[in-house]
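Count the sequence shown with full-length UniProt numbering and you get residues 1 to 259, in order. Every residue, glycine too, gets a C-beta built ideally from N, C-alpha and C.
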Amino acid sequence: MMIWELAFSQPDAMHRLEWVRMTLGGTIFVLSRMPPYGRFYTENEATLYGPGSWLPPLGRLQPLLRTAVSILALLVAVGLGGLGTAVALLLAFGLLDRYLASLSPRLWNNLFHVHLFLLGYCIARAAPLLAPPAQAERLASFMLTAMQLQVGLVYLLAGLSKLRVGGLEWFTQGRTLLASTLFRGTALGHRVVAVPAARRAMGLASGVFELGAPVLVLWPAMHPWLAVMAISFHLGVLLFMRISFWHLWVFFPALFIAP
């Protein structure tokens, strides 16, 4: 059965979204305590906003906003405050992250799925207040499906961007992997990419996974296997290249494995 056949009828969708909610709270709390949201932002704020900027500098309000996001994230993680807390976190983290995006646009892009997942959860939680139980459950299923498809889209775009920039040689030659690993990778990664056959195999495996993962998302029966493969892939990248992308794969148990 394909994912679109289950789009409005995934079993226990709201229960599974509660696992997503716990992951969201924990993820946003950790992100909010990371250096880019702390002194790094404060020390560079003056260089970000000129007279024409539509975002006024936060100044001393930035630490307060950051603290509010951390507290709200913890409340969401443990399930306190319900829909109101989740909506407040959606707005507060969106504002905090939007300010940081002025400093590091790549980070904004990398976290886009977190904002979408939180928005989807808020919509699903609001549905029982506005619709009959059966309709609310259908909407919860649709939101869960949309989150799963978003994961597939992330990998599809990653694979296509590599094809666009480097063509098939990105996957068959491994030159980009060599440069990236030598620049910031681990000692183990340096030893592995020094072997031409090994780095070509890594490039090919990367292409197969990133272009194959969106296909596996379409088959719900394959979701547990997809989660295991994806987490293993990212742990391998972390082991060799010091790139974890943890704020994506940490959602996979909730989205693809949770009963």
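query: Member of Leu226, Trp219, Val20 and Phe183 whose CA lies at the smallest distance from the CA of Met241; result: Phe183
query: 7 Å Cβ cutoff met for Val192 and Ala201; result: no
query: Stretch pair the segment 116-136 + the segment 164-183: three plus CB contacts closer than 8 Å; result: no
query: Beta carbon of Ala92 nearer than 7 Å to that of Leu72; result: yes
query: C-alpha distance - Asp97 paired with Met2, whole-angstrom precision; result: 35 Å
query: The segment 10-23 / the segment 55-72 touching (three or more Cβ pairs under 8 Å); result: no
query: Other residues of its chain near Met22: CB distance less than 6 Å, five sequence neighbours each side excluded; result: Ala77
query: For Val151, the nearest candidate out of Ala230, Ser161, Pro35 and Leu178 (CA to CA); result: Ala230
query: Burial state of His190 (16 or more Cβ within 10 Å); result: exposed
query: Where Ser244 sits in the DSSP three-state scheme; result: coil
query: Sub-7 Å separation of Val208 and Thr27 beta-carbons; result: no
query: CB contact flag (Leu75, Gly84, <7 Å); result: no
query: Continuous alpha helix (DSSP H) stretch holding Ser141: start and end; result: Pro133 to Gly166
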